[in-house]
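As you go down the protein sequences, you meet chains L and B in turn. Be aware that the first sequence starts at 303, since it is given in the numbering used here, and climbs by one per residue. Be aware that the second sequence starts at 303, since it is given in the numbering used here, and climbs by one per residue.
There are 2 protein chains.
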Amino acid sequence: MLKRLSPLLTPDLLYVLRAMGHGDEIAIVDANYPADSAGPQVVRLDGVAATDIVDAVLSVMPLDDFVPEAAWHMQPAEGASPDQPIFDDYRKLVEKHEGGKIKLSSIERFAFYERANRAYVMVASGERRLYGNIILKKGVIRPDE
Amino acid sequence: MLKRLSPLLTPDLLYVLRAMGHGDEIAIVDANYPADSAGPQVVRLDGVAATDIVDAVLSVMPLDDFVPEAAWHMQPAEGASPDQPIFDDYRKLVEKHEGGKIKLSSIERFAFYERANRAYVMVASGERRLYGNIILKKGVIRPDE
Chain L
303 MLKRLSPLLT PDLLYVLRAM GHGDEIAIVD ANYPADSAGP QVVRLDGVAA TDIVDAVLSV
363 MPLDDFVPEA AWHMQPAEGA SPDQPIFDDY RKLVEKHEGG KIKLSSIERF AFYERANRAY
423 VMVASGERRL YGNIILKKGV IRPDE
Chain B
303 MLKRLSPLLT PDLLYVLRAM GHGDEIAIVD ANYPADSAGP QVVRLDGVAA TDIVDAVLSV
363 MPLDDFVPEA AWHMQPAEGA SPDQPIFDDY RKLVEKHEGG KIKLSSIERF AFYERANRAY
423 VMVASGERRL YGNIILKKGV IRPDE
């Protein structure tokens, strides 16, 4: 482990987060998501809630404030409640780390799959809640930070 | 780059620091050191002073306080001044990050080579000052940290 860093930031996860640049996207997906066949490189964190991973990722990775949206959940399929409880957890985590500067947005389900499958990296979580998927777009660290 | 982390903590360096466990050692060596042929895996930071790398490493990696010594410089060859200016920089960096809990020690030159060449990882720096080599032993993060 390392000082000041969440133990969920594993060697593989730290590596990809640090390798990502401005505008690169990370998809953190639930335990049902077909991550391994999706295309992007996969970092596995089986057994760990996606919300805990998002908390760890946002503790070191800034979100992109050059664009109107930088964090998206997946919109549920027809018939399911459009506001799943996990979305509220995600909203609070974005608020916690970005302080109201960036809001959680959403993307229609099939557009979400398409976008997530073009991400720089996909984190396969152990999240059991349905629709527990999120895409985060990396921002910049300014020279004085 | 990542929030709260030195830009010198590259993807490769972060990976190995996070992968290291209690008691594993990292050798940060100067630009004359035969790092690539030494044996351990090598992370390259050509062009960067070893002192800057030590500062970045100690900002996230605790030193081992289970043992009497956890940081060593190389003792100069006969005829050279036994206290090179870079040793004082290393002393100050250990003090800065460990607050007097751990002191910089030294190892005879050939014993240093032997120990460095058994390290978990070697960082090849761009350090031009002679005897600019240091070995650091990783400590633990306690449950309440």
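Glycine included, C-beta positions come from ideal geometry on N, C-alpha and C.
Below the 7 Å Cβ cutoff, chain B contributes K305 as neighbours of L:P364, in chain order.
B:K405 sits exposed, since fewer than 16 C-beta atoms from the chains shown fall within 10 Å of its C-beta.
The stretch 395-402 of chain B makes no contact with the stretch 317-333 of chain B, as fewer than three CB pairs between them are under 8 Å.
Contact annotation: L:N435 and L:A418 have beta-carbon atoms nearer than 8 Å.
The beta carbon of B:L319 falls within 8 Å of a beta carbon belonging to chain L, placing the residue at that interface. Comparing C-alpha distances from B:S339 to each of B:P445, B:M376, B:V423 and B:L304 shows the shortest one belongs to B:V423. In the three-state DSSP reduction, L:R306 falls in the coil class, being neither helix nor strand.
For L:L310, the closest Cβ of chain B is not nearer than 8 Å. By alpha-carbon distance to B:K403, the top candidate from B:Y317, B:E371, B:D446 and B:G325 is B:E371. When DSSP states are grouped into helix, strand and coil, B:K403 belongs to the coil group.
The C-alpha of B:K305 lies about 31 Å from the C-alpha of L:R411. As for any beta strand (DSSP E) of minimum length 3 sitting wholly inside the stretch 348-430 of chain B, the runs are 373-376, 407-409 and 423-427, ordered along the chain.
Proximity of B:P313 to chain L, defined by a Cβ-Cβ separation below 8 Å, is satisfied. For B:L438, no CB of chain L lies under 8 Å from its own CB, so it is not counted at the interface with that chain.
Using a CB distance cut-off of 8 Å, L:I443 counts as an interface residue toward chain B. Beta-bridge partners of B:V331 (DSSP): B:A426. Counting every other CB atom within 10 Å of its CB across the protein chains shown gives L:S427 a total of 16 or more, marking it as buried.
Distances from the alpha-carbon of L:S383 to those of L:E327, L:V318 and L:R431 put L:R431 closest. For L:L406, not one C-beta of chain B is nearer than 8 Å to its own C-beta. Residue pairing of B:R346 in beta bridges, as defined by DSSP: B:A426.
The continuous stretches of alpha helix (DSSP H) do not include B:L432, and DSSP gives it neither H nor E. DSSP places L:L438 outside any alpha helix (DSSP H); the residue lies instead in the beta strand (DSSP E), whose first and last residues are I436 to K439.
L:R444 is classed as exposed because its beta carbon has fewer than 16 other beta carbons within 10 Å across all chains shown.
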